[in-house]
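Colleague: Dropping a structure here in structure tokens format, bear with me for questions.
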Amino acid sequence: MVLEHEDVPKRARAFAKPYRVSDGASFRLDDVDPGDTGDLDQDDKERAKDALQTGIDVLAALQDKLYAQDKWAVLAVFQAMDAAGKDGAIKHVMSGVNPQGCEVYSFKAPTSIDLDHDYLWRTHKHVPERGRIGIFNRSYYEEVLVVRVHPELLERAKIPPRLVGKRIWEERYEDIRNHERYLARNGVAFCKFFLHVSKKEQKKRFLARLDDPAKNWKFSASDARERGFWKQYMAAYEEMIRETATEWAPWYVVPADNKWYTRVVVAAALIDTLARLDLAYPTVSDAQRAELAEARRALLEEGGGD
Ligand code: ATP
Ligand code: MG
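Counting in the working numbering, the sequence shown runs from 17 upward without gaps.
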């Protein structure tokens, strides 16, 4: 499965396609099996790791062009239940890219300053600059996930009560769609991931965190509490995807029970996102070329050694 680099974007698109949702109307979460490994099985794990390495190299090359061209920005959003592998996927998939061209932000529970503003304020500040890949580890989508599952959080948000009506969630989906449309029209290419882990696999990973002292720090009692709201979370995720999957900001619903597979799908989707942009190194004008020639001549003619 080690691929020729030129073939990779085409293959990446085909590989990520089954998980890409760009029109949510008919999306059902039940149709996605968290244990799915596509055409691969456990014996293909090593080959998948090689493919991931190739993908990482290709992503780095695309990012180099993105940075040099300085027109598009790429925003990758990661959402998932705890222990679905967000952090690991981000770490592995982005391991080859130039850190100068990449920014990762993790959004935790909002601070009191955040709560003094509209909910898109804190994330909007971190939308990547042109030429960069921005990664949101959690995002404004928490506002229709954790906040939907625990509506008491809305009260803390200090919104004037008469603005919080029955249609609050529909209104939020609409606002998010419009926000993403606006950013897309300004050159932000979206790639949104829901890493779909099963409840059973989450339990296994939580137990591993409890059993291994080196992983203890990753476990928090609140993660285990949220597990009790699994059904509500899945309903919230499903509706979120149905309502906010668009051609300009598609969701990738990625099977997440096998980390090696999750990472290949995430890399493929990111490659496809960059490959869809008209990336090219800036061309040098005749005047600039003459300037470069002049600089070269001056360097070669420098006296005084070295
Ligand atoms: P890790 O995977 O390392 O545990 P994490 O992203 O889960 O990282 P935590 O500090 O454990 O980080 O959790 C962040 C918490 O903040 C989550 O429970 C999440 O639901 C919550 N959170 C994020 N955004 C919001 C929001 N807008 N409103 C309320 N809670 C939020
Ligand atoms: Mg956590």
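The C-beta atom is built at its ideal place from N, Cα and C for all residues, glycine as well.
Buried or exposed: which applies to HIS140, given that a residue is buried once 16 or more other Cβ atoms fall within 10 Å of its Cβ?
Modeller: Within the sequence shown, the letter at position 124 stands for residue 140. Result: exposed.
Colleague: When you measure from the CB of LEU169 to every non-hydrogen atom of ligand 1, does any distance come out below 7 Å?
Modeller: One-based indexing of the sequence shown puts residue 169 at position 153. LEU169 Cβ: within cutoff of ligand 1.
Colleague: Note down, in chain order, each residue of its chain lying with its Cβ closer than 6 Å to the Cβ of ARG221, except the 5 sequence neighbours on either side.
Modeller: Here residue 221 refers to the residue found at position 205 when the sequence shown is read from its first residue. Within the same chain, ARG221 has close Cβ partners ALA99.
Colleague: Based on DSSP bridge pairs, tell me the residues matched to PRO271.
Modeller: Taking the first residue of the sequence shown as position 1, residue 271 is located at position 255. BP columns for PRO271 point to HIS212.
Colleague: Return helix, strand or coil for ILE184, following the three-state DSSP convention.
Modeller: Numbered from 1 along the sequence shown, position 168 holds the residue referred to as residue 184. Looking at ILE184 - three-state DSSP - the assignment turns out to be helix.
Colleague: Entirely within the region 247-291 and at least 3 residues each: give me those beta strand (DSSP E) ranges in chain order.
Modeller: Runs found: 267-271.
Colleague: Classify TRP233: buried if its beta carbon has 16 or more other beta carbons within 10 angstroms, exposed otherwise.
Modeller: Here residue 233 refers to the residue found at position 217 of the sequence shown. Flag for TRP233 reads exposed.
Colleague: Report the three-state DSSP secondary structure of GLY150 (helix, strand or coil).
Modeller: Translated into positions along the sequence shown, residue 150 becomes position 134. Three-state DSSP puts GLY150 in a strand.
Colleague: Should SER155 go down as buried or exposed, given a rule of 16 or more other Cβ atoms within 10 Å for buried?
Modeller: The residue labelled residue 155 in the question sits at position 139 within the sequence shown. Buried: at least 16 other Cβ atoms inside 10 Å.
Colleague: Using 10 angstroms around the beta-carbon of TYR268, count the other beta-carbons present and answer buried if the total reaches 16, otherwise exposed.
Modeller: Looking up residue 268 in the sequence shown gives position 252. With 16 or more Cβ atoms within 10 Å of its Cβ, TYR268 is classed as buried.
Colleague: DSSP has GLU119 in a bridge; who is on the other side?
Modeller: Here residue 119 corresponds to residue number 103 of the sequence shown, with the count starting at 1. In DSSP, GLU119 forms a bridge with GLY150.
Colleague: What's the call for ILE257, buried or exposed, on a 16-neighbour Cβ count within 10 Å?
Modeller: By 1-based counting over the sequence shown, the position of residue 257 is 241. So ILE257 ends up on the buried side.
Colleague: Does the Cβ-Cβ distance between ARG148 and GLY117 come in under 8 Å?
Modeller: To locate residue 148, count along the sequence shown from 1; it is residue 132. To locate residue 117, count along the sequence shown from 1; it is residue 101. Their beta carbons are under 8 Å apart, which means ARG148 touches GLY117 by this criterion.
Colleague: If contacts are defined as beta-carbon pairs under 8 Å, then ALA311 and ALA265 qualify, I think. What distance do you get, rounded to the angstrom?
Modeller: Numbered from 1 along the sequence shown, position 295 holds the residue referred to as residue 311. Numbered from 1 along the sequence shown, position 249 holds the residue referred to as residue 265. In fact, because the Cβ distance is near 43 Å, the residues do not count as touching under 8 Å.
Colleague: How far does the alpha helix (DSSP H) with PHE31 in it extend, from its first residue to its last?
Modeller: On the sequence shown, residue 31 is found 15 positions in, with the first residue counted as 1. That run of the alpha helix (DSSP H) goes 24-32.
Colleague: What residue does the beta strand (DSSP E) around GLN95 start on, and which one ends it?
Modeller: As a first step, residue 95 must be located in the sequence shown, where it is residue number 79. Start and end: 89-96.
Colleague: Tell me which same chain residues have a C-beta within less than 6 Å of the C-beta of ARG36, skipping the five on either side of it?
Modeller: For this step, residue 36 is matched to residue 20 along the sequence shown. Taken in chain order, the residues that qualify are PRO266, TYR268.
Colleague: Nearest CA to the CA of GLN79: which residue from ARG292, GLY319, SER301?
Modeller: On the sequence shown, position 63 is the one that residue 79 refers to. The shortest Cα separation from GLN79 among ARG292, GLY319, SER301 belongs to ARG292.
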